[in-house]
Amino acid sequence: MTKKYKECPKCNPKNVAKIVYGYPSHELYKEPEEGQVILGGCCIMPDSPEYHCNECDAEWRKEDMI
Ligand SMILES: [Zn+2]
């Protein structure tokens, strides 16, 4: 299930965190592939980013990568 949307569009794709909205569940911690998870708050908007780059602070959604 490795998709390109996990890659930062601007720099190193290996330093990307997934942004999770809502309250963290136990399932959240069963995704070791993700590397890092950051909390984006309890509410998600239609245009809320899903991924955050720790290198250049870019944020994007997987829809943006298609
Ligand atoms: Zn980046």
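Just so we're aligned, residue 1 is where the sequence shown starts under UniProt numbering, counting upward by one.
For each residue, glycine too, the CB sits at the ideal point set by N, CA and C.
Remember, it's a predicted structure, so these values are computed and weren't measured experimentally.
beta-carbon residue i near ligand 1 non-hydrogen atom, thresh 6 Å
i	result
residue 10	yes
residue 42	no
residue 50	no
residue 17	no
Sequence-distant residues of the same chain with beta carbon closer than 8 Å to residue i, five excluded per side
i	result
residue 47	61
residue 38	17, 18, 19, 20 and 52
residue 49	19, 40, 59, 60 and 61
residue 36	16, 17, 18 and 54
Cutoff 6 Å; reference residue i; Cβ partners in own chain excluding five residues on either side
i	result
residue 7	13
residue 11	55 and 56
residue 1	A caution first: residue 1 carries a pLDDT of 45, below 50, which makes its placement in the model unreliable, though a value can still be read off. No residues qualify anywhere along the chain.
Alpha carbon of residue i to alpha carbon of residue j, nearest angstrom
i	j	result
residue 45	residue 9	21 Å
residue 56	residue 43	24 Å
residue 63	residue 23	23 Å
Residue i, enclosing beta strand (DSSP E) - first and last residue
i	result
residue 17	16-21
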